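Novice:
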Amino acid sequence: MISKKFGSITAVALGFLFAATSCDRTRNDKGYEYFPDMAHSLAYETYATNPAMADSHAMRLPAANTISREMIPYAYPNTPEGRLQAAAELVNPLEATPENIARGKEQFTIFCIGCHGELGNGEGYLFTSGRYPIKPASLISEKMLAMPDGDIFHVISAGYNTMGAHGHMIRPDDRWKIAMYVKNELQKNTVK
Amino acid sequence: MNKTASKSGFRPSGVILAVLLTIVFFIGKTGNVSAQDEGKKLFEKNCTVCHKLGGGKLVGPELLGVTERRDRAWLMKFIRNSDEMIKSGDPTAVKVFEENNKIPMLAFTQLSDAEISSIIDYIEKWEPEKEKVFAVDVTKKEGFAHTEVLRGERLFYGLIPFEQGGTTACASCHNTTASDTLNWNPSAKELALSFMNPDGMNIYKSMSEPTSDVMQKAHAEYKLTDQEVFYIAAYLSEYLHHGETPHKTFPVKLMLFIVFAVLMTLALVDLIFTKIIKFKVIHFVIILAGLAVHLNLAVVEAQSLSRTKDYAPDQPIKFSHKVHAGDNKTDCKYCHSIADYSKSAGIPSNNVCLNCHKVILSGRNSGKFEINKIHMAEKSGKPIEWIRIHNLPEHVFFSHAQHVNAGKIECETCHGAVAEMDIMKQENDLSMGWCINCHRDTKVDFKDNKYYSTYLKLHEELSSGKIDSVTVENIGGLDCMKCHY
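These protein sequences, in sequence, are chains A and D.
Counting in the working numbering, the first sequence runs from 1 upward without gaps.
Counting in the working numbering, the second sequence runs from 193 upward without gaps.
Right under this line is the structure:
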């Protein structure tokens with residue numbers, strides 16, 4: 001009898017012990033782990049900190065005066081002269097096939113439409129809804145109609161005025177395809 | 193000092209009372225804006241991105257003294273639409289245009305004549321800000337007397353009124369307890385951090401002249417004396433030492449566990465000793481139900497070990513996917529631009545934020561406080577340390593490129609309704625079962641998606657009608673080494 005009573009008391013006590021170590025997380029609480037032997041990487045992960053580095057970044061820039069494989073550094077600076085030079089020298093290496101233009105449209109929709117608008121007239125949703133106070137440039141103005149693909153490629157890559165550089169977000173081929181889409185679709189539609 | 197300050201705490205009822213009182217005091221305070229204020233506002237909204245007053249050239253030329261250089265009619269016309277003037281060959285306009293590297297100024301056709309006029313008035317009358325003199329030592333950040341801290345705490349919790357009006361407790365907006373939902377107002381902790389940071393705010397200045405529309409509205413009722421701000425500064429300085437009270441949820445599961453444990457014990461005791469209830473079935477039912485509940489709790493808890501479903505931590509900046517992906521309609525890949533090519537979807541760097549926030553300096557909900565953190569990080573060169581949410585164990589390989597680019601799966605399938613989340617949350621448990629079930633059920637697009645053209649045998653079987661669809665399982669999606677390399 002006594003041993004049974006003792007047993008139930010231990011059971012309850014054990015129960016409390018279990019309950020006190022579990023459950024009811026707030027949103028800031030990750031919860032518990034058990035035997036996380038192979039769960040955490042020994043090598044530093046993409047965005048982790050690396051205490052061995054002076055600035056503690058795990059992701060490193062290439063050493064000075066080197067570039068990573070297959071990377072072509074962008075040579076034209078974000079200045080009016082740089083833009084003129086880029087427009088004069090850069091030639092679109094791709095052909096204006098329907099696939100390339102469709103890809104250009106897809107990328108335009110991701111990266112440009114918010115400011116420059118569906119028609120490229122500078123009336124994107126961010127501007128028309130009053131969130132972005134400055135009117136973005138129109139891509140179908142007379143000035144832009146006269147500019148070659150290379151000019152658009154340059155502005156995407158290096159930025160212009162209050163527009164930041166988008167070169168690090170969009171791959172070179174996709175930048176050319178966006179330029180192609182602007183030239184072959186948006187601008188042609190307005191001329192009609 | 194530490195101990196007394198935290199013990200001296202407040203009574204919650206006082207806060208509730210203060211909150212109730214605010215409702216009465218919020219009504220009807222809309223200060224009338226003078227013409228100069230109007231001009232200042234318009235200038236700051238439209239022009240400060242490109243022009244400085246008394247600070248040299250930015251994108252456009254220095255505007256201090258422009259009202260002496262040019263006559264008013266010219267200015268009106270130029271600000272309205274400079275492009276037109278340049279095209280029509282106005283010699284001054286062409287000269288200015290050429291002097292500024294031919295960067296065009298924006299047209300402001302949406303502004304009325306009166307508005308442009310008020311901007312010009314503002315430029316004309318602008319003077320460099322005089323160093324304001326405060327009645328207290330504004331540089332003091334540490335070593336406040338205990339009484340000063342206490343007084344600051346009471347003011348902050350609204351337990352004693354301010355001398356010149358304003359009864360709402362600061363703590364009703366600037367929460368001192370971590371909140372479970374998104375509180376757009378800076379928390380007391382963040383105010384304290386900003387106050388202690390040498391590059392952070394000057395609390396005396398921001399309390400006397402609000403830095404944004406949102407703050408102007410929120411702080412409209414206050415006119416704090418320098419001495420009162422000093423007390424509050426003392427409290428904020430002290431606050432960091434004892435820190436934020438963590439948010440607590442009501443322990444539902446723990447209660448459930450205890451209730452059934454007690455019930456089971458009582459049933460057991462009655463069954464063996466007291467024997468009050470005649471029908472033994474009742475005891476057994478109670479014990480069985482209790483065991484079932486306990487077992488269920490144990491299994492659910494054990495399964496969630498090492499997994500972080502529903503984890504939604506506070507981030508260093510109150511970045512909201514609802515505002516950006518929902519309200520602003522920005523595409524996921526604008527920020528997570530490497531999702532198509534890489535294992536990781538990528539977290540945007542500072543300059544991605546700045547593409548927009550170079551110009552958008554203030555948000556509707558949070559004012560300038562949050563967006564300012566982006567600019568502070570840019571200035572100091574320290575990256576923003578976002579807290580990672582989704583994280584698979586190291587023994588699992590997962591690639592976004594494979595799912596998003598090759599498989600054309602929408603982000604929402606795995607991450608839930610991100611565009612409605614103010615705080616990013618892990619929607620699925622990312623367990624192996626979750627992956628495998630999806631691989632069994634998901635059909636692969638063999639018709640139009642060229643990525644799969646090399647699966648010749650499956651294509652043959654498909655065209656001969658032997659199978660009617662291909663799932664991820666068929667192309668090896670259940671092989672252990674696909675996910676565990």
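In this text, a Cβ means the ideal position worked out from N, Cα and C, and glycines have one as well.
Note that the coordinates shown come from a computational prediction; the quantities given were computed from them, not determined experimentally.
1. Against chain A, with Cβ distances strictly below 8 Å, would D:V406 count as a contact?
2. What are the start and end residues of the alpha helix (DSSP H) that includes D:Q495?
3. In terms of residue numbering, what span does the alpha helix (DSSP H) encompassing A:K177 cover?
4. CB-CB under 6 Å to D:V330, same chain, minus the five flanking residues each way: which ones, in chain order?
5. Classify D:K574 as helix, strand or coil using the three-state DSSP reduction.
6. If we cut at 8 Å on Cβ distances, does D:I295 have a partner in chain A?
7. Which bits of chain D does A:T109 rub up against, with CB to CB less than 8 Å?
8. For the 8 Å Cβ check, are there 3 or more pairs between the segment 76 to 94 of chain A and the segment 147 to 161 of chain A?
9. State the CB to CB distance for the pair D:L650 and D:N666, rounded to an integer number of angstroms; the pair is presumed to be in contact (CB under 8 Å).
10. If we cut at 8 Å on Cβ distances, does A:A39 have a partner in chain D?
11. Which class does D:M456 belong to by DSSP, given the choice of helix, strand or coil?
12. Which term fits A:R175, buried or exposed, when burial requires 16 or more other beta carbons within 10 angstroms of its beta carbon?
13. Using only CA atoms, which one of D:L455, D:I479, D:N367 lies nearest to D:E436?
14. Rounded to whole angstroms, what's the CA-CA distance from D:F387 to D:H549? Just pull it up for me.
15. Closer than 9 Å, Cβ to any Cβ of chain D: which residues of the segment 162 to 178 of chain A, in chain order?
16. Counting only Cβ-Cβ distances shorter than 7 Å, please list the residues of the segment 124 to 155 of chain A near chain D, keeping chain order.
17. Whose Cβ in chain A lies nearer than 9 Å to the Cβ of D:A370?
18. Could you name the residues that DSSP lists as bridge partners for A:Y34?
19. Would D:W149 pass as a contact of D:L234 if the rule is Cβ separation under 8 Å?
20. Does any residue of chain A have a CB that is nearer than 8 Å to the CB of D:K237?
21. Which residues, in chain order, does the segment 35 to 61 of chain A contribute to contact with chain D at a C-beta distance below 7 Å?
22. When you compare the CB of A:Y32 with every CB in chain D, is at least one pair closer than 8 Å?
23. With D:S554 and D:D660 assumed to form a contact (beta carbons below 8 Å), what rounded beta-carbon distance in angstroms separates them?
24. If you count every other CB in all the chains shown that lies within 10 Å of the CB of A:K188, and 16 or more means buried, which is it?
25. Please classify A:P73: is it buried, with 16 or more other beta-carbons within 10 angstroms of its beta-carbon, or exposed?
26. Which chain D residues sit within Cβ distance under 9 Å of A:G114?
27. Going along chain D in order, which residues have a C-beta closer than 8 Å to the C-beta of A:P80?
28. Residues in the same chain with beta-carbon distance under 6 Å from A:Y132, minus the five sequence neighbours each way, listed in chain order, please.
29. Beta-carbon within less than 7 Å of A:L186's beta-carbon, same chain only, minus the 5 sequence neighbours each way: which residues are those?
30. Examine the Cβ distances between the segment 158 to 168 of chain A and the segment 141 to 148 of chain A and report whether three or more of them are shorter than 8 Å.
31. In its own chain, which residues sit with a C-beta less than 7 Å from the C-beta of A:L145, not counting the 5 before and 5 after it?
32. Quick check on D:K617: buried or exposed, where buried means 16 or more other Cβ atoms within 10 Å of its Cβ?
33. Along chain A, which residues have their Cβ under 7 Å away from the Cβ of D:E586?
34. Rounded to the nearest angstrom, what separates D:T605 and D:K571 at their Cα positions?
35. Which of helix, strand or coil does DSSP assign to A:G117?
36. Going by DSSP in three states, D:G555 sits in which element: helix, strand or coil?
Specialist: Short version:
1. No Cβ of chain A is located within less than 8 Å of the beta carbon of D:V406.
2. Boundaries of the alpha helix (DSSP H) around D:Q495: 472 to 496.
3. Element bounds for A:K177: 172 to 181.
4. Y396
5. coil
6. yes
7. D523
8. Two segments are said to touch when three or more pairs of C-beta atoms, one from each, lie closer than 8 Å; by this definition the segment 76 to 94 of chain A touches the segment 147 to 161 of chain A.
9. 6 Å
10. yes
11. helix
12. buried
13. D:N367
14. 23 Å
15. T162, M163, G164, A165, H166, H168, M169, I170, R171
16. Against chain D - using a Cβ distance shorter than 7 Å - the residues of the segment 124 to 155 of chain A are Y125, L126, R131, Y132, P133, I134, K135.
17. T26, N28
18. For A:Y34, no pairing in a beta bridge is given by DSSP.
19. Chain D is shown only over 193 to 677; residue 149 of chain D falls outside these bounds and no answer can be derived.
20. yes
21. P36, M38, A39, H40, S41, T46, Y47
22. yes
23. That belief does not hold up - the Cβ atoms of D:S554 and D:D660 are roughly 56 Å apart, past 8 Å.
24. exposed
25. exposed
26. N520, K521, T522, D523, Y526, C548
27. N293, K294, I295
28. L126
29. L119, G120, L139, I140
30. Contact fails: fewer than three Cβ-Cβ distances are below 8 Å.
31. Taken in chain order, the residues that qualify are Q187.
32. buried
33. M38, A39, H40, S41
34. 38 Å
35. coil
36. strand
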